[in-house]
Each structure stands twice: as structure tokens, then as C-alpha cells.
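Student:
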Amino acid sequence: MSLRFKLLIPLVLASLMALAYLNLDWSPRALESGKQGYLNEVSHHLDTVIEGLVPLILTQQLDLVHENLDALGKNNHQWTFILLTNKDAKQLFPPLIGGVAQPPPTGKTVHVLVKDIRAFEKTIGRLTVHVDFGTRLAEIKVQQRQLTLMLGMTIALLAMTWLVALEIAVVQPLKRLSAAAAALAGQQFDAILPRQGGDEVGRMVGSFSAMRDDIKESHDELRRYKAIIDSSADAIIGKSLQGIILNWNHGAEMLFGYSAQQAVGQPMLMLMPPELVNEEVDILAHIAKGEKVEHFETVRRHRDGHLIDISATVSPILDEKGVPVGASQIARDITERKHMQDQVRQLAFYDVLTNLPNRRLLSDRIKHDLARSARSGCYGAVMFMDLDNFKALNDSHGHAAGDLLLIEVAHRLINCVREMDTVARLGGDEFVVMVSELDASHAASTQQAQRVAEKIRVALAEPYLMRLHKPGQADVMIEHHCTASIGVTLFLDHEASEEDLLKWADSAMYQAKANGRNTVRFFHDASPA
4 MSLRFKLLIP
14 LVLASLMALA
24 YLNLDWSPRA
34 LESGKQGYLN
44 EVSHHLDTVI
54 EGLVPLILTQ
64 QLDLVHENLD
74 ALGKNNHQWT
84 FILLTNKDAK
94 QLFPPLIGGV
104 AQPPPTGKTV
114 HVLVKDIRAF
124 EKTIGRLTVH
134 VDFGTRLAEI
144 KVQQRQLTLM
154 LGMTIALLAM
164 TWLVALEIAV
174 VQPLKRLSAA
184 AAALAGQQFD
194 AILPRQGGDE
204 VGRMVGSFSA
214 MRDDIKESHD
224 ELRRYKAIID
234 SSADAIIGKS
244 LQGIILNWNH
254 GAEMLFGYSA
264 QQAVGQPMLM
274 LMPPELVNEE
284 VDILAHIAKG
294 EKVEHFETVR
304 RHRDGHLIDI
314 SATVSPILDE
324 KGVPVGASQI
334 ARDITERKHM
344 QDQVRQLAFY
354 DVLTNLPNRR
364 LLSDRIKHDL
374 ARSARSGCYG
384 AVMFMDLDNF
394 KALNDSHGHA
404 AGDLLLIEVA
414 HRLINCVREM
424 DTVARLGGDE
434 FVVMVSELDA
444 SHAASTQQAQ
454 RVAEKIRVAL
464 AEPYLMRLHK
474 PGQADVMIEH
484 HCTASIGVTL
494 FLDHEASEED
504 LLKWADSAMY
514 QAKANGRNTV
524 RFFHDASPA
């Protein structure tokens, strides 16, 4: 239902009520009033006529009476019948025809007026007049119809004026305001508004204009924030307290491989490796308490399934009462940083050529094994070995060949010991093997260490076949024979430091070289007798 129709309804109802009042109440009363007024006029007129008839009746001048009444009837067409009788009810007018009185006319619009004629306080006769007021009523009805028509035209004119005024003052401004509101819903802020007047509509237009300006300012601010967020290389994610993704910026798309359309509405658990599901539950529990979870490193799953190292901060989103209603998470890809850290760690703790632990990591491993020995009461062993006949390979075929041999030595050493044991390269052709958790008995531990050292000696004494690549030439297969001199020392608890153990094992290794190489010597064997 249009606004015009709604505004027209009260006027139509008022008009119908006015017309109903005219037809059902005023018109009948007006007819009755007109009729009564006319009869009153006739009654007064008859009083005047009677005053003129009294002297004529008293003097018996009936001819004059007849003339007067006849003239009266001719001059008053509505008087359909005039009857004059004397005090004895004898008809004096109109004259009797054949001695018989003529019957008066009748009808719904005929009214009978009876007036007594008195003189000297005595009734000397009676005047009866039949008045037909139909013509007068017809005139009144015509007047009423004209009045009703004029009223209807006036109402129609008022209605048109009312509608035009409403169209100009209310409907058109509201239509333009409605169009501006629809444009505002579509984030269009340039729709033309109606002129602001001093009435209620004008004040509403002013309020709408101020509201639109505020919304535009907020929209521009949000757009700036969104541009900043979308331009961020970091993933910025908004989520509910139930872990449902609500916002997903371009950085998140790049980091995790999901578009915003794919991610929004999905649970954050889709990014979690199965073993880290409880981590998201714990984070949401902290957020629900209003607590911030800052700068933690973790792992998330990319859309294609590979894992990503990230650094994340999760902050609660609070409502106007300070109650947490959600969370914002900023995540940064630290895969490259972790890779660099791993590289730094690799360089710091591992030999570049063989990928074995270096002296620094070996020292740390010895400290840990000393502590383990203290707890278990079992011996461990440190084996220091140096390759025999290694320099000849470098001299004849160059350092590339020597590097290939050292790599093969590392592989053979690893295959000779358990996973819990440590194989390290100290530099050059020097290697150390640390064997853990031997036995609580010194003698039994010595035998176990002897077997491991002998296994290593035999493995390293096997021929080495190496493919040597020289630029511009065909690859050359080299066979080299190389052995190792091995020094061994046992340790238990913290009876010695890691420096002492390496020094003792090194001393035993030199004793092995002095005794013909390709042999194993224990530190006590190297001690003077």
C-alpha cells in the first residue's frame, strides 16, 4: 500500500462520514425544519386573513368573504382547499354544489391547518386550509442536492489540494529519502537528498544526512583498515569463540592456500595437524578469559597438505562491555627463518662435509652421557680414531678424493654403532665414536667396547672404491686402502670431564699408531706400567 493511499484514507473516511451525516441526519431534519417553517408561515398568513374576515362575517358580507377566499386560493397555489364554516359548522365557503360539499384533495404532502375565527371572545366560525407542501419540499431537496454536490466538489478539491501538498511536502521527499537509503545500503553515498526544511520531514532529512556522513566516514575508515590488512604479508584472521573463521585477508590466502570464500565459515581446525588439535582448544580457552596469546611458534597445515612453520599472536576481540566475543590472529610464515636457524645450527653443531656432529656437539653429547651414566650406573666408552694412509690419497688424487673417502668413513662408522650412540668428526681425518649404556661391570664394559672398536677397525679397513669426477674428463674410479688407529677410554658417572675423556682417548689412539697402526688400544694400555 502506497504512502499516498495511506495519507488519503483519513480524508476519504472523513468525507464519507460527512456525506453520511448529510444524508442520514441533516437532510431529514432539514426537510422537517423546512416543512415546519412553511406551515408556520401559512399559519401566520391565516391569522392575517382571519383578521380581515371577522368584520365581513359579523356584517354578513358573504360575497366579499367569497371574493377574498377565492383570491386567496388563486394567489396561493399550495393551498389546495379552503373551507370556511360558521359557528354552527355550516359551510360558508366554498359554495355548495347541488347542496353537496366537495371533498378536499388528499395526499402524503397535504397538511390540514384549522383556525378558529373569534370575535368578542366568541367563536364565530372556523377556517380550514389544506396545504400541499410537496413543491416546497421538492425545492428544499433540490437545494440539498445542490449543497451536497457543492460539498462533494469542495471535498474533492480539498482532497486534491491535500494530495498535492502531501506529494510536495511528504511523499516526494520521502521517495528521494528512500532512494538515498537504498543507495546507502549499496554503499553509494552520493544520492541527492531532498531540501532540508523546518518541518518534521526536513529534520528527518537532516538526521539522515548526518547519519550518512557518519556511515561514509566509518566506511572509508574500514576500507582503509581493510586495505592495510589486505596489503599485509602476514595472515590476519578473525574467528569466533567457537573457532569459526569470520575474516580472512589476502595474507592468509597466500600463507594457507585457501581463498576467503573457501575459508570463511570453516573451523580453524582445518589448518591444524591432528596432533595439534588440542592447541587450538587451549588458545580459545585463553581468549574466552580475555587473555592474549603472544608470539608462539607452531605448525599449521597448508591446503595442499604440507606443514608450515608459523609465529602467531592471538588477541581477544571485546564488545562494548569488555566481554570477549571473538579473536584476531596474526600469523607469519617463519619457514625460511626456521630453515636458516636449522642451517645455522647445522653449521654450528655439524661437520659440513660428513654431516656428523662436530667437536661442540660432541662435547654436549658427552656431558649428557656422563649424566646418563650417573643415573644408570653403566659405563660408556669414548673412541678416538685417526685414519692411516689418508695423506697419500690427498697427495696423489687431491682433496676431492679425500673428501669422498671421509664421507664413506662417516657412513661406515654410523653403520657400526647403535642409533643411541654418537659418531663425530673433529676435523681432518680424526673421528670420535661415543658408545653409551654398556654395562655396570668395568670388565664387561671393556669387552663390549673392544668388540665395537674391533668392528669399526675391520669396517674401516675394507677397500674404498670412489668415483672421482674431473671437469672435462671422464669419471675415474679410484680404489684406496686405508685403516684406522683407535684409542678407547671408558667412563662412569663424572669421574672425568669431557676434555679428559677426549685427551685420554687421543692418547690411546697415538699408542695404537705407535704399535703398528690398524689396531685398538685402551687408555689403560697407554698408561705407563
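Heads up: the sequence shown begins at 4 in the working numbering, then just goes up one per residue. From the three backbone atoms N, C-alpha and C, an ideal C-beta is built for every residue, glycine too. Remember, predicted model here, so these are calculated numbers, not experimental data.
Starting from the C-beta of I322, find all residues in its chain whose C-beta is less than 8 Å away, skip the five residues before and the five after it, and write them out in chain order.
Tutor: Ile is not the amino acid found at residue 322; the sequence shown has Asp there. Cβ within range, chain order: V328.
Student: For T301, name the three-state secondary structure that DSSP assigns.
Tutor: Looking at T301 - three-state DSSP - the assignment turns out to be strand.
Student: Among residues of its own chain, excluding the 5 on either side of L72, which ones have a beta-carbon nearer than 7 Å to its beta-carbon?
Tutor: Excluding positions up to five away in sequence, the list reads I85, L87 and F96.
Student: Sorted by chain position, which residues of the same chain lie with C-beta nearer than 6 Å to V117's C-beta, five sequence neighbours on each side aside?
Tutor: Only T131 meet the Cβ criterion.
Student: Between E278, D216 and E294, which lies nearest to V302 when the distance is taken from Cα to Cα?
Tutor: Taking only the C-alpha atoms, the option nearest V302 is E278.
Student: Pop quiz: A413 and R428 are said to be a contact at Cβ under 8 Å. What is the actual Cβ separation, rounded to whole angstroms?
Tutor: Rounded, the Cβ-Cβ distance is 7 Å, consistent with contact.
Student: Looking at the secondary structure, which residues open and close the beta strand (DSSP E) in which W406 lies?
Tutor: The residue you asked about is not Trp; residue 406 is Asp in the sequence shown. No beta strand (DSSP E) contains D406, which is instead part of the alpha helix (DSSP H) from H402 to C419.
Student: According to the Cβ coordinates, are K516 and D389 closer than 8 Å?
Tutor: Yes; because the gap between Cβ atoms is below 8 Å, this pair is in contact.
Student: Would you tell me roughly how many angstroms separate the C-alpha atoms of N250 and S243, rounded to the nearest one?
Tutor: Those two C-alpha atoms are separated by around 10 Å.
Student: Whole-angstrom Cβ separation of S488 and D391, contact assumed at under 8 Å?
Tutor: S488 to D391, Cβ: 6 Å. Contact.
Student: Suppose the cutoff is 7 Å on Cβ atoms and the five residues either side in sequence are ignored; what does the same chain contact list for D372 look like?
Tutor: Here the set comprises G383, M437 and S439.
Student: Only counting runs of 4 or more residues, tell me where the alpha helix (DSSP H) segments fall wholly within the region 130 to 174, in order along the chain.
Tutor: Runs found: 137 to 169.
Student: Can you give the Cα-Cα distance for L505 and I333, rounded to whole angstroms?
Tutor: Rounded to whole angstroms, L505 to I333 spans 49 Å at the Cα level.
Student: Pull up the CB-CB distance for A464 and T486, whole angstroms please, since I reckon it's below 8 Å.
Tutor: With a Cβ gap of about 5 Å, A464 and T486 count as contacting.
Student: Do I248 and M214 have their CB atoms nearer than 8 Å?
Tutor: No, these two residues do not count as a Cβ contact at 8 Å.
Student: Which one of R524, D223, L287 and R306 has the shortest CA to CA distance from S262?
Tutor: Minimum Cα distance to S262 is reached at R306.
Student: Quick one: is F259 buried, meaning 16 or more other Cβ sit within 10 Å of its Cβ, or exposed?
Tutor: The residue in question, F259, is buried, as its Cβ has 16 or more Cβ neighbours within 10 Å.
Student: Identify every run of the beta strand (DSSP E) within the region 217 to 284, keeping only runs that are complete inside it and at least 3 residues long; order them along the chain.
Tutor: You should have 238 to 243 and 248 to 251.
Student: Near I158, which residues of its chain fall below 6 Å by C-beta distance, leaving aside the five closest residues on each side in sequence?
Tutor: Around I158: S18.
Student: Tell me the DSSP bridge mates of I536?
Tutor: Since the first residue shown for the chain is 4 and the last is 532, residue 536 is missing from the structure and cannot be characterised.
Student: State buried or exposed for Y228, treating a residue as buried only when at least 16 other CB atoms are found within 10 Å of its CB.
Tutor: Counting Cβ neighbours within 10 Å, Y228 comes out exposed, since fewer than 16 surround it.
Student: Can you pull the DSSP bridge partners for Q332?
Tutor: I240 and V317.
Student: Identify the residues that DSSP records as bridge partners of F211: which are they?
Tutor: Beta-bridge pairing links F211 to no other residue.
Student: Buried or exposed for I231, please, with buried defined as at least 16 other CB atoms from any protein chain shown within 10 angstroms of its CB.
Tutor: Exposed, since its Cβ has fewer than 16 Cβ neighbours within 10 Å.
Student: Is the distance from the Cβ of S318 to the Cβ of I239 below 8 Å?
Tutor: Contact: no.
Student: I'd like to check one pair, W507 with T492: are the Cβ atoms closer than 8 Å?
Tutor: Contact: yes.
Student: Hey, out of S379, R460 and G128, whose CA is closest to C569's CA?
Tutor: No statement about residue 569 is possible, as the shown extent of the chain runs from 4 to 532 and does not include it.
Student: Quick check: what's the CA-CA separation for P407 versus M469?
Tutor: A small correction: the amino acid at residue 407 is Leu; Pro does not occupy that position in the sequence shown. Distance between the alpha carbons of L407 and M469: 7 Å.
Student: Compare the Cα-Cα distances from R520 to each of A236, H400 and F393 and report the closest residue.
Tutor: For R520, the nearest C-alpha among the options comes from F393.
Student: Quick one: Cα of L287 to Cα of L225, how far?
Tutor: Near 26 Å, if we compare the C-alpha coordinates of L225 and L287.
Student: Can you tell me the Cα-Cα spacing of P13 and L166, whole angstroms?
Tutor: Each residue's Cα considered, the two are about 12 Å apart.
Student: Does G110 come out as helix, strand or coil in the three-state DSSP assignment?
Tutor: It is coil, neither helix nor strand.
Student: Quick one: what's got a C-beta closer than 8 Å to I320's C-beta in the same chain, skipping five residues either side?
Tutor: Only G241, P327, V328, G329, A330 and S331 meet the Cβ criterion.
Student: Rounded to a whole number of angstroms, what is the C-alpha to C-alpha distance between S210 and A194?
Tutor: S210 and A194: Cα-Cα distance of roughly 15 Å.
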